[in-house]
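Visitor: The structure that follows is given in the form of structure tokens.
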Amino acid sequence: MGAMADFASVSQDAWPHVLAAVRLAGVAIDIGECDQGIQWHACVRGPGRVELGYCPQDPGRELVVYAPTLRFWRRPLSMGRLFGDVRRAVIAAGGTLD
């Protein structure tokens, strides 16, 4: 069905600040698994859930904010707010969106 995703450039020095900024936005972060060199985190607030992936080996696109579109169809308000808040936290911590 598809996915909503934004990619960002985030240095290794800025990565801990991204996680702190997301938490400061009122979003809980569950540390996930490492899959094919990407460290995945689940960003959860209420019924919404957005995946945050970090791969320092992919220059210029180290970070991805991702969610399947079906989640947006089921929970449009909470998912839209959560996705936007995570994106803003990435930018506030020094990330540059593609």
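Everything in the sequence shown is counted per the numbering used here, starting at 14 for the first residue and increasing by one.
Each residue gets a CB set at the ideal place from its N, CA and C atoms; glycine is no exception.
1. Please report the Cβ distance between A18 and V78, rounded to the nearest whole angstrom; I am assuming they are in contact, meaning their Cβ atoms lie under 8 Å.
2. What residues are listed by DSSP as bridge partners for G66?
3. My guess is that A102 and V35 are in contact by the Cβ rule of under 8 Å, so how many angstroms apart are they, rounded?
4. Measure the C-alpha to C-alpha separation of V40 and L95 and round it to an integer number of angstroms.
5. Round the Cβ separation of H54 and I44 to the nearest angstrom and send it over; I've been treating them as touching at under 8 Å.
6. Taking all protein chains shown into account, do 16 or more other C-beta atoms lie within 10 angstroms of the C-beta of E64, making it buried, or fewer, making it exposed?
Guide: With the given structure in hand:
1. 7 Å
2. W53 and V77
3. 4 Å
4. 8 Å
5. 6 Å
6. buried
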